[in-house]
Every structure is written in C-alpha cells, then in structure tokens.
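Counting from 1, position 176 in the sequence shown corresponds to residue 171 in our numbering; the numbering is continuous, with no gaps. The beta carbon of each residue, even a glycine, is placed where N, CA and C say it ideally should be.
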Amino acid sequence: MIPIATVFVDRDGVINRKLPDGEYVNSLDQFDLLPGSVEALAALSNAGSRVIVVTNQQGVGKGLTQPHALDQIHQRLRAAVAAAGGVLTAIIVCPHIEGSCDCRKPRIGLFVEAKRRYPQIEFSDSVVIGDSTCDIEAAGQIGANAILVTDEQGEPASGRSTVSSLAGAVELLLTPERADNEV
C-alpha cells in the first residue's frame, strides 16, 4: 500500500453524478452518488490518507443552490462515508461565480485553505482526483500528482493518470505495483 498523505477529490462527476452543463445539484434528491464512490473514499481514509473534497459550487453564488441545501448534501456525503467505515477530513467549497475569486479551480485557493486548516499538508505528497481540466491544472499549480476521471479513451498526459471512476483512482493509489509505475 502506498501512503498518500493527502488526497483532494472533486465532487460532481467524481463522487456524484454530474448534471448537464448549466445545471446544479441543488437538493438531496439530485445528489446521486456514483457506484463505488463512497467505498473508495472510505478506503482512502482507512489507508491513512487525509481525504479532502474540494468543489466548485457556483450555483450558490448564482442564487440557484441554497447554502442550507449544500450543507444537507455534504452532511449526507459525510454520513455515507462514515457508514462505509471512513472519514472525510474536510469538504471545502468555492461558492463564487466564475472569475470573481481566487478559490475557484483551476485557481488554488481551495488548496491553500486546506493547507491553512491542516498545516502538515505537503502538496508534493498529495494527489488531486478530478474530472475536468481545471482539477488537473490546479494539481499542476500546487505540484501535486493528478488523476483524471473520464470515460474518454486516450493516452494520459504527462504528470497524470487516467481512470474511469473514483474507485479506479483509489485502486491505482492503493495497489503498490500499479502506483509505483503510474502515479
């Protein structure tokens, strides 16, 4: 097992089903966990990793997602991971509209906030798991490894691995012979 000190995980499209562009997960009934995602988060936690969800949620800034609804969604996520035997270290949210802050990925404010809360974080010993180029760009800016979750086929870009699910990313991280060669 390869110890990864901190794993930053994007939410929509990695942990839960992503809605079409321009639509936001605004309520619990729209929060559809992807198969194996909760178990994967618990496995990371049980392997000793600090698991931090970092998520852009501009639906809040646009007034489409109510802050209390976002809190309920994240409470459900924490409870699901706990029921699977794991712990989420933190969920850090950028609620701002694109272009109006320094925390919205690909900017690195969410990661800086994580390091402020947990000073022992070393970005060079961290991995960012996300489903978009903004996640991968943010990983590059902080000097972390990156794993892209995508259904698209193709060669992985330099400095990152490509998998089809969060479970696949966690398998890659926690399987020593694969992780030594790929991440």
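Item                                                                                     : Value
Residue of 117, 161 and 17 minimising C-alpha distance to residue 52                     : 17
Burial state of residue 57 (16 or more Cβ within 10 Å)                                   : exposed
Helix, strand or coil at residue 1 according to DSSP, with G and I counted as helix      : strand
Beta-carbon proximity check, residue 23 vs residue 68, cutoff 8 angstroms                : yes
CB-CB length for residue 84 against residue 47, believed under 8 angstroms               : 5 angstroms
Under 8 angstroms between C-beta atoms of residue 143 and residue 157                    : yes
Distance, residue 7 Cα to residue 50 Cα                                                  : 8 angstroms
Cα-Cα separation between residue 122 and residue 45, rounded to whole angstroms          : 11 angstroms
Cβ-Cβ separation, residue 108 to residue 98 (assumed contact under 8 angstroms), whole Å : 7 angstroms
Coil, strand or helix - residue 89 by DSSP                                               : strand
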